[in-house]
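Visitor:
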Amino acid sequence: MHNQRRIVFWMGTAVVAMLLVCACKPMSTTNSNTNSNSNSNANSNITSNNVNSSSDNTGPSINTREPEKYSATLVLTMETQGGDRSVGIPSLSLQVARNGDDRRVEFKLPDGSPLVYLDHANHNYVILPSRKQYAELTKEATGIQLQKLITPGQLVEDIKSKRGVERVGDETINGRTAEKYRYSTSTNTNTKAGEVKAEAFVYVDKETGLPLRAEMNAESSGDVKGMKAARVVAEMRDIKTDIDASMFETPAGYENVPPEKVRQQIDALTSALAAILKAMIANASATPAPGASVTPQ
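Counting in this note's numbering, the final residue of the sequence shown is number 1021, and the numbers go up one at a time with none missing.
(1) Here's the rule I'm using: 16 or more other beta-carbon atoms within 10 Å means buried, otherwise exposed. How should ASP929 be labelled?
(2) What's the gap between the Cα of LEU852 and the Cα of LEU839?
(3) Which of helix, strand or coil does DSSP assign to GLN1021?
(4) Going along the chain, which unbroken runs of the beta strand (DSSP E) with 3 or more residues stay wholly within the segment 938-966?
(5) Going by other Cβ atoms of all chains shown within 10 Å of its Cβ, with 16 needed for buried, is ASN980 buried or exposed?
(6) Assign VAL840 to one of three DSSP states: helix, strand, or coil.
(7) Give the DSSP-derived three-state secondary structure of PRO935 in the structure shown.
(8) Between the beta-carbon of ALA924 and the beta-carbon of GLU903, is there less than 9 Å?
(9) Beta-carbon within less than 7 Å of SER952's beta-carbon, same chain only, minus the 5 sequence neighbours each way: which residues are those?
(10) So if DSSP puts VAL904 in a beta bridge, which residue, or which two residues, is it bridged to?
(11) Report the residue from GLN989, ALA958, ASP991 whose alpha carbon sits nearest the alpha carbon of MET802.
(12) Hey, out of TYR927, TYR978, SER908, whose CA is closest to GLY899's CA?
(13) Let me know the secondary structure DSSP gives GLU860 once reduced to three states.
(14) Taking buried to mean at least 16 other C-beta atoms within 10 Å of its own C-beta, is PRO750 buried or exposed?
(15) Reducing DSSP to helix, strand and coil, say where SER970 ends up.
(16) Can you give me the C-alpha to C-alpha distance between ASN763 and THR909, rounded to a whole angstrom?
(17) Would you decide whether SER795 is buried or exposed? Buried here means 16 or more other CB atoms lie within 10 Å of its CB.
(18) Beta strand (DSSP E) containing GLU830: first to last residue?
(19) DSSP puts SER995 in a beta bridge; with which residues?
(20) On the criterion of 16 or more Cβ atoms from any shown chain inside 10 Å, does VAL892 qualify as buried, or is it exposed?
(21) Who are ASN980's beta bridge partners in DSSP?
Pasting the structure below:
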């Protein structure tokens, strides 16, 4: 089921979080014919209904790992294609860092102010530097588990488990030497999307073991909401292995507030992600002019 969802994620209904996962990991191997009892419209809400997929589960795995200490910038971009135009989705940029068991992820809210997620000493916090406030998180209070975010550690563990990849040499990515891996697969969705073919390339930093870049290109023989192809790219930039341990502590002098006080900022973050998906679907569904290029702002 997971393999099927990854292959057809770009058909207009996959959530943004699913896009992030797909960008950084080759698809798992299955041979399945799954029937769903869902009453959703398969033309606009494609899940795993009646999907036949095939790929090779033999061969080498991807040689990747996550350093105990590092910081980096994770940038994700996506483009869909249909007819005579392409639609560029606004990129997402995250500042990520690790210090042993402690982790930190920093986002930019729609108003430009930063929001920091901190996993420190088995506690989870949201920090708002612009307001000099922080709150300890609970799912009940915020309605979301930020600790379930797609972090480099989660991506590395998933990538390591994949088989059926092909080592295709070395390349230089952003000044760093990387091992290059290739993975390809195809799926018959038994829907208007038709057959979906996907190819992924993963570039792993030889020094740190981090995935420096992951590219996924998918193309459909059919058509769903005007989309026939998609390209997703995730890059790990500005990697540093010397980090400041104070980054992983709640800032001195900041006010400790109840988690309900930061709910608005968390909602703003999730709303921004939803807006990106909505813009993608709206632009893909619109009647294209010849040669038109649409980029959501």
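For every residue, glycine included, the Cβ atom is placed at its ideal position computed from N, Cα and C.
As the structure is a computational prediction, the values presented were derived from the model and not from experiment.
Guide: Straight from the coordinates:
(1) Counting from one through the sequence shown, the residue named residue 929 turns up at place 205. Flag for ASP929 reads buried.
(2) Here residue 852 refers to the residue found at position 128 when the sequence shown is read from its first residue. Here residue 839 refers to the residue found at position 115 when the sequence shown is read from its first residue. So the two alpha carbons sit approximately 5 Å from each other.
(3) Looking up residue 1021 in the sequence shown gives position 297. Residue confidence is low: GLN1021 scores 34 on pLDDT, short of 50, so the model does not pin down where it sits. No coordinate-derived value is stated.
(4) Fully enclosed beta strand (DSSP E) runs of 3 or longer: 951-964.
(5) For the purposes of this step, residue 980 is taken as the residue at position 256 of the sequence shown. With fewer than 16 other Cβ atoms within 10 Å, it is exposed.
(6) Residue mapping note: residue 840 aligns to position 116 of the sequence shown, counting from 1. The answer is strand: DSSP assigns VAL840 an E or B state.
(7) Along the sequence shown, read from residue 1 onward, the residue named residue 935 stands at position 211. In this structure, PRO935 counts as strand in the three-state DSSP scheme.
(8) For this step, residue 924 is matched to residue 200 along the sequence shown. For this step, residue 903 is matched to residue 179 along the sequence shown. Contact annotation: ALA924 and GLU903 have beta-carbon atoms that are not nearer than 9 Å.
(9) Reading the sequence shown from its first residue, position 228 is the one you call residue 952. Before going on, a small fix: residue 952 reads as Lys here, not Ser. Taken in chain order, the residues that qualify are GLN805, GLY806, GLU943, SER944.
(10) Reading the sequence shown from its first residue, position 180 is the one you call residue 904. Inspection of the sequence shows that residue 904 is occupied by Lys rather than by Val. Bridge partners of LYS904: GLY893, TYR927.
(11) In the sequence shown, residue 802 corresponds to position 78, counting from 1. Ranking GLN989, ALA958, ASP991 by CA distance to the CA of MET802 puts ALA958 first.
(12) In the sequence shown, residue 899 corresponds to position 175, counting from 1. Per the Cα distances, TYR927.
(13) The residue given as residue 860 occupies position 136 in the sequence shown. GLU860: strand per DSSP, three-state reduction.
(14) As a first step, residue 750 is located in the sequence shown; it is residue number 26 there, counting from the start. Reliability fails at PRO750, whose pLDDT of 34 lies under 50, so the model's placement of it is uncertain and no value is given.
(15) As a working mapping, residue 970 is identified with position 246 in the sequence shown. Here SER970 carries a helix assignment [DSSP, helix/strand/coil].
(16) Sequence index remark: in the sequence shown, residue 763 carries index 39 (1-based). Sequence index remark: in the sequence shown, residue 909 carries index 185 (1-based). Residue placement at ASN763 is poorly supported in this model, since its pLDDT is 37, which falls under 50; the coordinates still yield a value, given next. Rounded to the nearest angstrom, the gap between the Cα atoms of ASN763 and THR909 is 28 Å.
(17) For the purposes of this step, residue 795 is taken as residue 71 along the sequence shown, with counting starting at 1. By the neighbour-count rule (16 or more Cβ atoms within 10 Å), SER795 is buried.
(18) Position 106 of the sequence shown, counted from the first residue, corresponds to residue 830. Counting along the chain, the beta strand (DSSP E) containing GLU830 begins and ends at 826-832.
(19) Translated into positions along the sequence shown, residue 995 becomes position 271. In the DSSP assignment, SER995 forms no beta bridge with any residue.
(20) Within the sequence shown, residue 892 is the residue found at index 168, counting from 1. By the neighbour-count criterion, in which 16 or more other beta carbons inside 10 Å mark a residue as buried, VAL892 falls on the exposed side.
(21) Taking the sequence shown and counting its residues from 1, the one referred to as residue 980 is at position 256. Beta-bridge pairing links ASN980 to TYR858.
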